[in-house]
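Participant: There's a structure below that I have some questions on.
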Amino acid sequence: MSVNTTLAGRIAVITGASSGLGAATAKRLAADGAKVALLARRADRLEVLAKEIEAEGGTALAIEADVTDATAMRAAAERVRTELGTADLLFNNAGVMLPAPIDERRTDQWQQQIDVNIGGLLNAIDAFVPQLVAAAAEKGVADLINTSSIAAQGVFPGFAVYCGSKAFVTHTSKNLRADLGPKQVRVSAVEPGLVSTELQGHVTDESANAWLDGVRQQLTWLEPEDIAAAVAYLAAQPARVNIQQITVMPTGQAS
Ligand code: NDP
Numbered sequence: 003m004s005v006n007t008t009l010a011g012r013i014a015v016i017t018g019a020s021s022g023l024g025a026a027t028a029k030r031l032a033a034d035g036a037k038v039a040l041l042a043r044r045a046d047r048l049e050v051l052a053k054e055i056e057a058e059g060g061t062a063l064a065i066e067a068d069v070t071d072a073t074a075m076r077a078a079a080e081r082v083r084t085e086l087g088t089a090d091l092l093f094n095n096a097g098v099m100l101p102a103p104i105d106e107r108r109t110d111q112w113q114q115q116i117d118v119n120i121g122g123l124l125n126a127i128d129a130f131v132p133q134l135v136a137a138a139a140e141k142g143v144a145d146l147i148n149t150s151s152i153a154a155q156g157v158f159p160g161f162a163v164y165c166g167s168k169a170f171v172t173h174t175s176k177n178l179r180a181d182l183g184p185k186q187v188r189v190s191a192v193e194p195g196l197v198s199t200e201l202q203g204h205v206t207d208e209s210a211n212a213w214l215d216g217v218r219q220q221l222t223w224l225e226p227e228d229i230a231a232a233v234a235y236l237a238a239q240p241a242r243v244n245i246q247q248i249t250v251m252p253t254g255q256a257s
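Under this note's numbering, residues 3 to 257 are what the sequence shown spells out, in order.
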């Protein structure tokens with residue numbers, strides 16, 4: 003990784019930084035010159051990633067935090083402010099995908115998706131929006147970038163609760179622009195199609211796994227770095243430009 007200056011002076015917080023899209027985006031934003039705060043539950047993974055980023059000349063702070071714990075998220079925000087500086091970018095990305103046919107009534111998995119994908123997203127917004135607003139007042143711009151999904155737009159058998167949680171992310175992002183745009187905080191929703199990460203590894207339902215295995219054979223999935231590049235692009239726009247929504251699909255995935 004060579005450190006360039008596209009995002010020099012930026013202080014970025016990444017939730018779900020221990021793997022997949024979050025880890026790749028943390029590396030990319032650091033390579034572009036941002037200081038990065040890495041949040042997730044698996045502290046060992048975060049420490050390894052922070053060392054990797056620092057070995058390449060970047061600055062990284064690892065913070066173990068569960069996004070479903072509002073108090074822990076506020077404490078994490080305070081650590082970011084005191085140890086790195088006022089955050090001006092939140093990549094609000096932690097999420098889980100646990101599909102199963104609705105009549106199997108996996109209410110535990112419904113609840114987990116609601117708690118992380120909706121509740122956790124809002125806890126991160128609660129914890130970091132004050133810093134984004136303060137940073138925007140000082141620097142002229144800040145970014146709230148929420149990870150949604152193509153699931154927000156589509157219909158996938160067995161994925162109703164996940165799709166609903168991601169529709170919440172996209173629509174809430176759009177509405178937050180009304181509150182935060184006047185304060186120079188840009189809000190974007192990133193909607194990826196299929197990306198090779200650990201996300202699919204938590205799926206317990208056989209029919210969903212069979213579908214995922216099938217599409218893995220049929221088409222070339224995106225890599226996490228492809229989404230990291232999209233996030234870096236959003237953050238590097240001039241202050242007057244807010245790309246509201248960006249859908250990044252594998253070339254072979256139509257919907
Ligand atoms: P991964 O499973 O690789 O990453 C998920 C991340 O979320 C991990 O870092 C995990 O960290 C974190 N996480 C999960 N639960 C919690 C929690 N309670 N508190 C804190 N962190 C948590 O999957 P992806 O990188 O693919 O997923 C990232 C986002 O991208 C998700 O929102 C997902 O819905 C979305 N997405 C993914 C797509 C794909 O095809 N992969 C497509 C479209 C959207 P830890 O376990 O250490 O806490």
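C-beta: ideal position from N, C-alpha, C; glycine also. Predicted model, so just to flag it, every value in this text is computed and none were measured.
#1: Can you list the alpha helix (DSSP H) stretches of 4 or more residues lying completely in the region 42-81, in chain order?
#2: From this set, 65, 183, 89 and 159, which residue's C-alpha is nearest residue 106's C-alpha?
#3: Of the residues 130, 144, 98 and 134, which one's Cα is nearest the Cα of residue 244?
#4: Does residue 211 come out as helix, strand or coil in the three-state DSSP assignment?
#5: Does residue 114 get closer than 9 Å to chain D when you measure Cβ to Cβ?
#6: Return yes when the Cβ of residue 96 is within less than 9 Å of the Cβ of residue 24, no when it is not.
#7: Looking only at its chain, what residues have a beta carbon closer than 7 Å to the beta carbon of residue 43, apart from the 5 residues adjacent to it on each side?
#8: For residue 62, which of 36, 71, 152 and 236 has the nearest alpha-carbon?
#9: Among the residues of its own chain, which have a CB less than 7 Å from the CB of residue 161, if the five just before and after it don't count?
#10: Quick test of your reading: residue 248 and residue 192, contact by CB under 8 Å. State the CB separation rounded to the nearest angstrom.
#11: DSSP state of residue 102, grouped into three classes?
#12: What residues are listed by DSSP as bridge partners for residue 282?
#13: Ordered along the chain, which non-local residues of its own chain (more than five positions away) have a Cβ less than 8 Å from that of residue 225?
#14: State buried or exposed for residue 157, treating a residue as buried only when at least 16 other CB atoms are found within 10 Å of its CB.
#15: Examine the ligand NDP and report whether any of its heavy atoms sits within less than 8 Å of the Cβ of residue 194.
#16: Taking residue 155 as the reference, give the member of 49, 251, 6 and 54 with the closest Cα.
#17: Do you know how far the Cα of residue 94 is from the Cα of residue 163?
#18: Excluding the 5 residues flanking residue 22 on each side, which residues of the same chain have their C-beta closer than 8 Å to its C-beta?
#19: Drop a sphere of 10 angstroms on the beta-carbon of residue 184, count the other beta-carbons inside from all chains shown, and report buried for 16 or more, exposed for fewer.
#20: List the endpoints of the continuous beta strand (DSSP E) containing residue 93.
#21: Given the structure, does residue 337 come close to the ligand NDP, in the sense that its CB is under 8 Å from one of the ligand's heavy atoms?
#22: Could you check if residue 8 belongs to the surroundings of the ligand NDP, using beta carbon to heavy atom distance under 8 Å?
Facilitator: In short:
#1: You should have 45-57.
#2: If you compare the alpha carbons of 65, 183, 89 and 159 with that of residue 106, the shortest gap goes to 159.
#3: When only C-alpha atoms are compared, the closest one is 144.
#4: Three-state DSSP puts residue 211 in a helix.
#5: The chain labelled as chain D is not found in the depicted structure, where only one protein chain is given.
#6: Taking 9 Å as the Cβ cut-off, residue 24 and residue 96 qualify as a contacting pair.
#7: Excluding residues within five positions, the ones whose Cβ falls inside 7 Å are 66 and 68.
#8: Here the closest residue by C-alpha is 36.
#9: 101 and 153, listed in sequence order.
#10: That pair is a contact at about 5 Å.
#11: The DSSP-derived three-state label of residue 102 is coil.
#12: Lying before the first or after the last residue shown, residue 282 is absent from the chain, which here runs from 3 to 257.
#13: Counting only Cβ-Cβ distances below 8 Å, and skipping sequence neighbours, we find 26, 197 and 198.
#14: Exposed is the label assigned to residue 157, since fewer than 16 other Cβ atoms lie within 10 Å of its Cβ.
#15: Checking the Cβ of residue 194 against the ligand NDP gives yes.
#16: If you compare the alpha carbons of 49, 251, 6 and 54 with that of residue 155, the shortest gap goes to 251.
#17: Roughly 19 Å separates the two Cα atoms.
#18: Its chain contains 197, 199, 200, 201 and 226 as the residues whose beta carbon lies nearer than 8 Å to that of residue 22, once the 5 sequence neighbours on both sides are disregarded; these appear in chain order.
#19: Under a 10 Å Cβ-count criterion, residue 184 is classified as exposed, with fewer than 16 other Cβ atoms of the shown protein chains found around its own Cβ.
#20: From DSSP, the beta strand (DSSP E) with residue 93 extends over 91-94.
#21: With the chain represented from 3 up to 257, any question about residue 337 goes unanswered, as that position is not in the structure.
#22: Checking the Cβ of residue 8 against the ligand NDP gives no.
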